[in-house]
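Under our numbering, the first residue of the sequence shown carries the number 1465, and numbering increases by one thereafter.
Here a beta-carbon is modelled for each residue, glycine too, at the ideal position from N, C-alpha and C.
A short write-up of the structure that comes next.
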Amino acid sequence: MHESSLIRNMIGVIEQTSRENGARPVERIEIELARFGTMDKEHFRFHFKEAVKGTSLEKVKIDFTQVPFGIDARLVSVTLKDRIPKESA
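The following block contains the structure:
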């Protein structure tokens, strides 16, 4: 499935970005969607939420930008939280 592969690849990049920055939690991602692509916001959000269910990315906020043309969905940016919350004792 095209969506699953695309989203799995994005999740890999998001997780790698977090690891490269001291495992800081991810707060928000920005996704660019092509106006005439095969995915709209709801379609992307559904597949992304299903893919990250039960992971540290489950509560990530998703911002969308629509462009006139391009690939169906592109990861534009990853925003990390300022600090890692302390674990409860």
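key: CA-to-CA distance, R1538 to T1529, given in whole angstroms   = Here residue 1529 refers to the residue found at position 65 of the sequence shown. Here residue 1538 refers to the residue found at position 74 of the sequence shown. For T1529 and R1538, the distance between alpha carbons rounds to 10 Å.
message = What does the alpha-carbon distance come out to for the pair S1468 and N1485?
response = Residue mapping note: residue 1468 aligns to position 4 of the sequence shown, counting from 1. Residue mapping note: residue 1485 aligns to position 21 of the sequence shown, counting from 1. Going by the C-alpha atoms only, they are around 26 Å apart.
query = Leaving out five residues before and five after L1521 in sequence, what residues of the same chain have Cβ atoms less than 8 Å from its Cβ?
reply = Locating residue 1521 in the sequence shown gives position 57, where the first residue counts as 1. Around L1521: I1475, I1478, E1479 and V1490.
inquiry  = Just to confirm my understanding: we take R1509, look at its own chain, exclude 5 residues before and 5 after, and list those with CB closer than 7 Å. What are they?
reply    = For the purposes of this step, residue 1509 is taken as residue 45 along the sequence shown, with counting starting at 1. For R1509, where only same-chain residues beyond five positions count, the Cβ hits under 7 Å are I1526.
inquiry  = Once the 5 residues before and after L1544 are set aside, which same chain residues still bring their CB inside 8 Å of it?
reply    = Walking along the sequence shown from the start, residue 1544 turns up at place 80. Closer than 8 Å at the Cβ level, and outside the excluded window around L1544, lie T1481, S1482, N1485, R1488, P1489, V1490 and E1491.
request  = Let me know the alpha helix (DSSP H) ranges lying completely inside the region 1466-1504, each 4 residues or longer, listed in chain order.
outcome  = 1466-1484
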